[in-house]
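Below is one structure; the comments refer to it alone.
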Amino acid sequence: MAYTTVLLYTVISLSLFLAASALAPPPDTTQQAPRTVRAGYYFAADADLCPLAALDASLYTHLYYSSVSVHPTRRTLELPAEPAQARLLANFSRELKGKNPALRTLLSVATAGTEDAAADAATAFGDPAFAAMAMDPTSRAAFVDEAVRVARENGFDGVDVAWRFPASAVEMADFGFLVAEWRAAVPQGFLLTATVYFSNHVFGAPFAGVDYPSEVVAGSLDWINVMAFGLRPAGAAANITAFDAPLYDRASHFSVSYGVVSWLDAGVPAGKVVMGIPLYGRSWFLRNKANSGVGAPVVAAGPKQRGSNSTGAMSYAEVEALTTTAGGRAPVMTSFDNASVSSYLAVGDVWVAFDGAAVVAEKLGFAAQCGLLGYFLWPVNYDDTNLTVTRRASEVWEQSKISSNLRNATGVRQGKAPVELPPALGSPSPSTEPVPVPTSASFSWLCWKKLDAHLHLSVLILLLY
Numbered sequence: 001m002a003y004t005t006v007l008l009y010t011v012i013s014l015s016l017f018l019a020a021s022a023l024a025p026p027p028d029t030t031q032q033a034p035r036t037v038r039a040g041y042y043f044a045a046d047a048d049l050c051p052l053a054a055l056d057a058s059l060y061t062h063l064y065y066s067s068v069s070v071h072p073t074r075r076t077l078e079l080p081a082e083p084a085q086a087r088l089l090a091n092f093s094r095e096l097k098g099k100n101p102a103l104r105t106l107l108s109v110a111t112a113g114t115e116d117a118a119a120d121a122a123t124a125f126g127d128p129a130f131a132a133m134a135m136d137p138t139s140r141a142a143f144v145d146e147a148v149r150v151a152r153e154n155g156f157d158g159v160d161v162a163w164r165f166p167a168s169a170v171e172m173a174d175f176g177f178l179v180a181e182w183r184a185a186v187p188q189g190f191l192l193t194a195t196v197y198f199s200n201h202v203f204g205a206p207f208a209g210v211d212y213p214s215e216v217v218a219g220s221l222d223w224i225n226v227m228a229f230g231l232r233p234a235g236a237a238a239n240i241t242a243f244d245a246p247l248y249d250r251a252s253h254f255s256v257s258y259g260v261v262s263w264l265d266a267g268v269p270a271g272k273v274v275m276g277i278p279l280y281g282r283s284w285f286l287r288n289k290a291n292s293g294v295g296a297p298v299v300a301a302g303p304k305q306r307g308s309n310s311t312g313a314m315s316y317a318e319v320e321a322l323t324t325t326a327g328g329r330a331p332v333m334t335s336f337d338n339a340s341v342s343s344y345l346a347v348g349d350v351w352v353a354f355d356g357a358a359v360v361a362e363k364l365g366f367a368a369q370c371g372l373l374g375y376f377l378w379p380v381n382y383d384d385t386n387l388t389v390t391r392r393a394s395e396v397w398e399q400s401k402i403s404s405n406l407r408n409a410t411g412v413r414q415g416k417a418p419v420e421l422p423p424a425l426g427s428p429s430p431s432t433e434p435v436p437v438p439t440s441a442s443f444s445w446l447c448w449k450k451l452d453a454h455l456h457l458s459v460l461i462l463l464l465y
């Protein structure tokens, strides 16, 4: 019986592979890339922190409504049921475009629960609902049609695929099929982007060899939004202070520069890479107020805040408020770390790592030197009432793009880490030339990856019996 089961499973896998191999490669119908992207994610769940009326739409080229999700059992789009949230979805594009007619808006289809802005982007794996929808060609097609219909009915100019994150080679293959089929289904000029892991190679996933299908990504998406924050590796010490989004880290892979360069080395053009900037800070309670540097012992995650609605995280507005409300009751120490290009502050026994104006300027200088398409802020609701970071980012980016001789004194590429690099970094040097449309061979690569995973599973079943 066991051998019959294995044989049947293998035959089905081979059939799926042959059927998929027969498909024509997805046409490259991505619209001509915009000149630049100054984007932001608006968390609908945190609309009370920043109503649409408080946003200065002129500071953005693109704004994302974040988010709708995949229904956990029906494999369909789960739309907001609460009346106020439903109205927000319906009015989002119309209201913001009324203030900036050139603005483009996108509907982000995300893993449920991603409204936690400070959730570790480096260790968030698995979305059963997204995986179940993406694995079945019929449900994929129906979901794509529904998402595009809902987006267009509500005035959006595109859709963002924010599967956070595929956790196996099979799921990565399904991700590739999903975006390729999505691109083939949308009308010309309709934007299609993806919110992706900070690196092309997924570290710490439950299964080995989890890499994004870069050729399909480059050929099917208008650009990718790289989540270059929440960079705390699995197994990292939880009892010491640490930076959340360092530009450089020569002791590990977990840095902004490493992640960005990994995508470029994997073959995704710089003109299709948009780098994330966090508008939140990571906080702790210090064990000893006198010891407040990086790596200082802590006793617990920082205080729960109204903005982030979670312990250990603060919106930029709350970080700013922390320094002013302390008054003379507690000393305020702010520090900028040149080696990692990161900043932190300590107020009494509270320690917070955050991206201040100086850090944002350095990061955008790095992004401009790499030739990246732009940046996105995560989430825009978390800025202060003066939109301090949003305004500074927009100014710096425009200056960086205009200045042809911009030089970042801290360097462009992440230095080689002391551990083995993922396969993606062994590829040729990054190029700003357009990547060719995925051929039938590259499209079949997805099938081979999925077949390989299925065959490995068949062998495991056989060994178990």
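Residue numbers (UniProt numbering): 1 to 465.
The C-beta atom is built at its ideal place from N, Cα and C for all residues, glycine as well.
Given this structure, state the Cα-to-Cα distance separating P128 from W182, to the nearest angstrom.
As a position in the sequence shown, residue 128 is number 128, starting the count at 1. As a position in the sequence shown, residue 182 is number 182, starting the count at 1. Whole-angstrom Cα-Cα distance: 20 Å.
* To do: Would you mind stating whether L89 and L96 have Cβ atoms separated by less than 7 Å?
  => Residue numbering aside, residue 89 sits at position 89 when the sequence shown is read from its first letter. Residue numbering aside, residue 96 sits at position 96 when the sequence shown is read from its first letter. Not closer than 7 Å, so no.
Please go through the same chain and pick out, in chain order, the residues whose beta-carbon is closer than 7 Å to the beta-carbon of S400, but skip the five residues on each side of it. Stepping through the sequence shown from its first residue, residue 400 is reached at position 400. For S400, where only same-chain residues beyond five positions count, the Cβ hits under 7 Å are L364, G365, A368, L406.
Exercise for review: Measure how close the beta-carbons of A162 and T195 come, nearest whole angstrom, since I'm counting them as under 8 Å.
Suggested key: The residue labelled residue 162 in the question sits at position 162 within the sequence shown. The residue labelled residue 195 in the question sits at position 195 within the sequence shown. Right, their Cβ atoms sit about 4 Å apart.
So, with DSSP's three-state summary, where would you put N91? The residue you call residue 91 lines up with position 91 of the sequence shown. Helix.
Taking contact to mean at least 3 C-beta pairs separated by less than 8 Å, is the region 237 to 248 in contact with the region 202 to 222? no
Would you kindly work out how many angstroms separate the C-alpha atoms of G371 and G276, rounded to a whole number?
By one-based count along the sequence shown, residue 371 stands at place 371. By one-based count along the sequence shown, residue 276 stands at place 276. Rounded to whole angstroms, G371 to G276 spans 15 Å at the Cα level.
Next on the checklist: Using a Cβ-Cβ cutoff of less than 6 Å, which residues in the same chain neighbour V396 once the five nearest sequence positions on both sides are dropped?
Outcome noted: Taking the sequence shown and counting its residues from 1, the one referred to as residue 396 is at position 396. The residues are A361, L364.
**Q.** V70 versus D160: straight-line alpha-carbon distance, rounded
**A.** Against the sequence shown, residue 70 aligns to sequence position 70. Against the sequence shown, residue 160 aligns to sequence position 160. The straight-line gap from Cα to Cα measures roughly 13 Å.
Identify whether residue 468 lies in helix, strand or coil by the three-state DSSP scheme. This structure gives no information on residue 468, because the portion of the chain shown stretches from 1 to 465.
Worksheet item: Ends of the alpha helix (DSSP H) at R140?
Response: Within the sequence shown, residue 140 is the residue found at index 140, counting from 1. Here the alpha helix (DSSP H) through R140 covers 137 to 153.
Inset, instruction - Go ahead and pull the three-state DSSP assignment for T195. - result: Here residue 195 corresponds to residue number 195 of the sequence shown, with the count starting at 1. It is a strand residue.
Any idea which residues DSSP pairs F43 with across the strands?
Numbered from 1 along the sequence shown, position 43 holds the residue referred to as residue 43. F43 is bridged to S66.
Practice prompt. Counting only runs of 4+ residues fully inside the region 250 to 284, write out the alpha helix (DSSP H) ranges in chain order.
Written response: 256 to 265
- prompt: The beta strand (DSSP E) spanning V347 covers which residue range?
  reply: In the sequence shown, residue 347 corresponds to position 347, counting from 1. It spans 342 to 347 - the beta strand (DSSP E) in which V347 sits, taken as one unbroken run.
Other residues of its chain near S429: CB distance less than 6 Å, five sequence neighbours each side excluded: Taking the first residue of the sequence shown as 1, we reach residue 429 at position 429. Residue confidence is low: S429 scores 32 on pLDDT, short of 50, so the model does not pin down where it sits. Its coordinate-derived value is still stated next. Result list for S429: empty, nothing under 6 Å.
If we require 3 or more residues per run, which beta strand (DSSP E) segments fall completely within the region 185 to 245?
191 to 196, 223 to 226
> Which word fits K304, buried or exposed, when buried means at least 16 other C-beta atoms lie within 10 angstroms of its C-beta?
Replying inline: Against the sequence shown, residue 304 aligns to sequence position 304. Answer is exposed; the Cβ neighbour count stays below 16.
Let me confirm a value: R87 is counted as buried when at least 16 other C-beta atoms fall within 10 Å, else exposed. Which label applies?
Here residue 87 corresponds to residue number 87 of the sequence shown, with the count starting at 1. Exposed, since its Cβ has fewer than 16 Cβ neighbours within 10 Å.
Excluding the 5 residues flanking A57 on each side, which residues of the same chain have their C-beta closer than 8 Å to its C-beta? If you number the sequence shown from 1, residue 57 lands on position 57. If we look at A57 and ignore the five residues flanking it on each side, its Cβ neighbours are L63, L96, K97, K99, N100, L103.
Spatial neighbours of R392 within its chain, please: CB distance less than 8 Å, with the 5 preceding and 5 following residues excluded, ordered by chain position.
-> Translated into positions along the sequence shown, residue 392 becomes position 392. Closer than 8 Å at Cβ, skipping near neighbours: A357, V360, A361.
### Message
Just to confirm the assignment, what range does the alpha helix (DSSP H) spanning L364 have?
### Response
Locating residue 364 in the sequence shown gives position 364, counting from the first residue. Where L364 is concerned, the enclosing alpha helix (DSSP H) stretches over 357 to 369.
Please classify E395: does DSSP put it in a helix, a strand, or coil?
-> For the purposes of this step, residue 395 is taken as the residue at position 395 of the sequence shown. Reduced to three states, the DSSP call for E395 is helix.
Next on the checklist: Suppose contacts are defined by Cβ-Cβ distances below 7 Å. Is V256 in contact with A228 by that definition?
Outcome noted: Walking along the sequence shown from the start, residue 256 turns up at place 256. Walking along the sequence shown from the start, residue 228 turns up at place 228. In this structure, A228 lies closer than 7 Å to V256 by Cβ.
ask   = Grouping DSSP H, G and I as helix and E and B as strand, with all else coil, what is L167?
value = Taking the sequence shown and counting its residues from 1, one reaches residue 167 at position 167. One detail in the question is off: residue 167 reads as Ala in this sequence, not Leu. Residue state, collapsed to three classes: coil.
Contact check, L106 vs L49 under 8 Å by CB: the rounded distance? For the purposes of this step, residue 106 is identified with residue 106 of the sequence shown, where counting begins at 1. For the purposes of this step, residue 49 is identified with residue 49 of the sequence shown, where counting begins at 1. Actually they are not in contact, since the Cβ atoms of L106 and L49 sit about 21 Å apart, beyond 8 Å.
- [ ] Excluding the 5 residues preceding and the 5 following A132 in the sequence, name in chain order all residues of the same chain whose CB lies nearer than 7 Å to its CB.
- [x] As a position in the sequence shown, residue 132 is number 132, starting the count at 1. R75.
(message) For V226, count the other beta carbons within 10 Å of its own beta carbon; 16 or more makes it buried, fewer makes it exposed. Which is it?
(response) Working through the sequence shown from its first residue, we reach residue 226 at position 226. So V226 ends up on the buried side.
- Residue interval of the beta strand (DSSP E) (run including Y248): Counted from its first residue, the sequence shown places residue 248 at position 248. Where Y248 is concerned, there is no enclosing beta strand (DSSP E), given that its DSSP letter is neither H nor E.
Alpha helix (DSSP H) segment containing Y316, residue limits | Along the sequence shown, one-based indexing puts residue 316 at 316. 316 to 325 is the extent of the alpha helix (DSSP H) around Y316.
Residues of its chain near L145, where Cβ-Cβ distance is below 8 Å and the 5 sequence neighbours each way are ignored
The residue you call residue 145 lines up with position 145 of the sequence shown. The identity of residue 145 in the sequence shown is Asp, whereas the question assumes Leu. The answer, listed in chain order, is A185.
Under 6 Å Cβ to Cβ from A441, same chain only, skipping five residues before and after it: list those, please.
Position 441 of the sequence shown, counted from the start, is the residue given in the question as residue 441. Because A441 sits at a pLDDT of 36, beneath the cut-off of 50, its placement in the model cannot be relied upon, and the following sentence gives the value as read from the coordinates. Cβ within range, chain order: n/a, list empty.
Relative to the C-alpha of A353, which residue among S394, G281, T385 is closest? Here residue 353 refers to the residue found at position 353 when the sequence shown is read from its first residue. Per the Cα distances, G281.
Does the region 280 to 299 come close enough to the region 313 to 332 to have 3 or more Cβ pairs within less than 8 Å? yes
- Message: When you compare the CB positions of R38 and G271, do they come within less than 7 Å of one another, or not?
- Response: Taking the sequence shown and counting its residues from 1, one reaches residue 38 at position 38. Taking the sequence shown and counting its residues from 1, one reaches residue 271 at position 271. Their beta carbons are not under 7 Å apart, which means R38 does not touch G271 by this criterion.
Closer than 6 Å: is that where the CB of L178 sits relative to any heavy atom of the ligand MG? Annotation note on the ligand MG: not contained in the displayed structure, which lists no ligands.
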